[in-house]
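Okay, structure first, notes after.
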Amino acid sequence: MASKICALARSIAKHVQVKWTLQLLPLLIVLNYVQEAIQSSLQLRLEAGSMARIINSGALIGALYVVFDVCLILVGAGLILSRSKQRTAVPFLMLHRTLRCIFTANFALEDALSYSVDVGSLLLLWASRRNQEAKLNKRKWDIFLFLARVCMSFNYLSLCRAKNVISGWFSVICCICMLIGFNCRLVACLTALLVIWQACCQFNWSFIFGWNDLTISVSLICSLLGKVAGFLLMARLGAGKWSLDART
65 MASKICALAR
75 SIAKHVQVKW
85 TLQLLPLLIV
95 LNYVQEAIQS
105 SLQLRLEAGS
115 MARIINSGAL
125 IGALYVVFDV
135 CLILVGAGLI
145 LSRSKQRTAV
155 PFLMLHRTLR
165 CIFTANFALE
175 DALSYSVDVG
185 SLLLLWASRR
195 NQEAKLNKRK
205 WDIFLFLARV
215 CMSFNYLSLC
225 RAKNVISGWF
235 SVICCICMLI
245 GFNCRLVACL
255 TALLVIWQAC
265 CQFNWSFIFG
275 WNDLTISVSL
285 ICSLLGKVAG
295 FLLMARLGAG
305 KWSLDART
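Numbered per my numbering, the sequence shown spans residues 65 to 312.
This is how it looks when you write it as structure tokens:
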């Protein structure tokens, strides 16, 4: 079973190198943010009231924050989709995710781990877009890839915390390989499969069919696609110069 999974991961690592993945994978990452903006807009009153309670302010302040948050997402996503000034788009999404983590995560470990993976995906998105525009020198490229590897490695802590998903030792080995950049493309593809497997095990497929509210299912599916796309983008871009892969 393990050999078949590794063979599948190697096959994915090979096929993800095609050119069109640099157009598709960023769109899947951005899709998660767009659905957040749409849901916040549709539930403006509820979101505003919740934010007002969190920051201990009036409903108007909460509504202003939600509107500002939605604008950050739409501006960032719009710049990426329009392919104009894409190198300035990712900071808007980064600011949105940082503010969302500060105000709504309540510093819970699971939320912090998810935030780290999201930041890693955005760093990879930033590197891929700026590299396509020939605006990024090799040193900055390697810095982005290194920071992305560090952020993405926090996902393995989440896998360790999840019960009956995978072995803790296996998560530790994958985490170390990701940090030092050893077989990074294979590990990234393997992790993408593990993220899908974790979602299926943790929610027993109910994350797609088991909710009375369709928006919850859409949110979970988009979040899952965004994380998978982030690891596949890591497999597409590679580990960079600051890794063992660059020395082999």
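All C-beta atoms in this analysis are idealised placements derived from N, C-alpha and C, irrespective of residue type, glycine included.
Give me, in chain order, the residues of the same chain whose beta-carbon lies closer than 7 Å to that of residue i; leave out the 5 immediate sequence neighbours on both sides.
i, result
"S180", "C215, F218"
"S235", "Y220, L223, C224"
Residue range of the alpha helix (DSSP H) that residue i falls in?
i, result
"G142", "123-146"
"S281", "278-301"
"K204", "202-217"
"L106", "85-106"
"W233", "232-244"
Could you tell me if residue i is buried or exposed, where buried requires 16 or more neighbouring beta carbons within 10 angstroms of its beta carbon?
i, result
"A71", "exposed"
"Q81", "exposed"
"W233", "exposed"
"F295", "buried"
"C286", "buried"
"A123", "exposed"
"L262", "Per the sequence shown, residue 262 should be read as Gln rather than Leu. Flag for Q262 reads buried."
"P90", "buried"
"F208", "buried"
"L110", "exposed"
"C253", "buried"
"D277", "exposed"
"L186", "buried"
Ignore the nearest five residues each way along the sequence and tell me which others in residue i's own chain have a CB closer than 6 Å to its CB.
i, result
"R300", "V80, T85"
"C238", "Y220, V251"
"K305", "D206"
"F246", "L308"
"C165", "Y179"
"I137", "Y97, A101, H160"
Excluding the five sequence neighbours on either side, which residues of its own chain have a C-beta within less than 8 Å of the C-beta of residue i, listed in chain order?
i, result
"C248", "R213, C241, M242, M298, A299, G302, A303, S307, D309"
Touching by the beta-carbon criterion (3+ pairs, under 8 Å), the region 276-285 and the region 92-107: yes
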